[in-house]
Amino acid sequence: MKNIIPNSVQDSISSFPFRWKGSRVGSLALSLCVLNTTTSCDKNDDDSADCQGIDCLPPITQTGAGTFGCLVNGEPFFAFGGVNAQYQLIDGEYFFVVGSNRESGTLRSIILESTKMSISESDFILGDFGENKIYSFIRLSDNNLSTTLYTTDNNIGTLSITKFDQTNQIVSGTFEFQVLNPDDNQIYQITNGRFDSFFTR
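For the sequence shown, the working numbering assigns the number 1035 to the last residue and increments by one with no breaks.
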């Protein structure tokens, strides 16, 4: 599943609070708003020549370390200290988002999200976008257009929330999924995913 939004529109999203309306556009807007206000490009955004593959990824932790990383078709995607998560109660429904953004390369964002669904320390299926579901998507940027590719029920993934501490507001987990770009039939395999972050309400 694909959604294309001009970068100029995405770049204009910059303020909270955002009233989550339950639509894909609203969901994407909130996700990008979270990332744009909490992440930045630093030396860790680029793949290091000193490591390869999974060795480049941050360790799997449960301390609120502010890490997010995975392999994308075997290549590392990671951020240190530039990760945030939101778990919000809006109009009686819970919404969750965690992800990472970077400013270089074609692949810009990897995001995990739930719409009108609470989370807990458990295993979840990443499938279609929709209410009462957990799903994931990646954002590609090329020629001033942003392409957003979602998981679907035909290309499912998995998310394991390994720590959900509401007192200290820490959420940690592991994930993997794949998405398909219908324009060129490119498959993006996301493996060995891990995150560990404080979350805000």
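Just so you know, even glycine gets a beta-carbon here, dropped at the ideal spot from N, CA and C.
The structure displayed is predicted, hence computed values, not measured ones.
Given this structure, state the Cα-to-Cα distance separating residue i from residue j, to the nearest angstrom.
{"i": "Y984", "j": "Y969", "result": "7 Å"}
{"i": "T1008", "j": "L979", "result": "30 Å"}
{"i": "L1092", "j": "T1025", "result": "Because the chain is modelled from 835 through 1035, residue 1092 falls outside the range shown and cannot be assessed."}
{"i": "L993", "j": "I945", "result": "12 Å"}
{"i": "Q1003", "j": "S943", "result": "23 Å"}
{"i": "D884", "j": "Q1000", "result": "37 Å"}
{"i": "D1017", "j": "N977", "result": "14 Å"}
{"i": "S938", "j": "P892", "result": "19 Å"}
{"i": "Q1020", "j": "G933", "result": "22 Å"}
{"i": "V1013", "j": "G1027", "result": "14 Å"}
Under DSSP, the beta strand (DSSP E) around residue i begins and ends at which residues?
{"i": "S975", "result": "967–976"}
{"i": "D957", "result": "957–960"}
{"i": "L983", "result": "979–984"}
{"i": "G903", "result": "901–906"}
{"i": "Q922", "result": "918–924"}
DSSP beta-bridge partners for residue i?
{"i": "S1006", "result": "K997, D1030"}
{"i": "G991", "result": "L960"}
{"i": "S943", "result": "N935, R973"}
Could you check how far apart the C-beta atoms of residue i and residue j are, in whole angstroms? I think they sit under 8 Å.
{"i": "L960", "j": "F1011", "result": "5 Å"}
{"i": "F1029", "j": "V917", "result": "6 Å"}
{"i": "Y1022", "j": "I972", "result": "6 Å"}
{"i": "S975", "j": "T940", "result": "6 Å"}
{"i": "S930", "j": "E947", "result": "Going by the sequence as given, residue 930 is Phe instead of Ser. That pair is a contact at about 7 Å."}
{"i": "N1015", "j": "T981", "result": "7 Å"}
{"i": "G898", "j": "S1031", "result": "6 Å"}
Identify which residue in the options has its Cα closest to the Cα of residue i.
{"i": "C890", "options": "G898, V906, Q896", "result": "V906"}
{"i": "Y921", "options": "G887, S954, G908", "result": "S954"}
{"i": "S966", "options": "G926, V917, S943", "result": "It is Asn, not Ser, that sits at residue 966 in the sequence shown. Of the listed residues, the one whose Cα sits closest to N966 is G926."}
{"i": "T901", "options": "V1005, D884, Q1023", "result": "V1005"}
{"i": "T996", "options": "C885, I894, F930, G887", "result": "I894"}
{"i": "E909", "options": "Y928, G887, L974, T897", "result": "G887"}
{"i": "D962", "options": "N977, T986, A919, N935", "result": "T986"}
{"i": "T1034", "options": "V1013, Q896, A919, G898", "result": "A919"}
{"i": "Y928", "options": "Q1020, M951, E937, S938", "result": "M951"}
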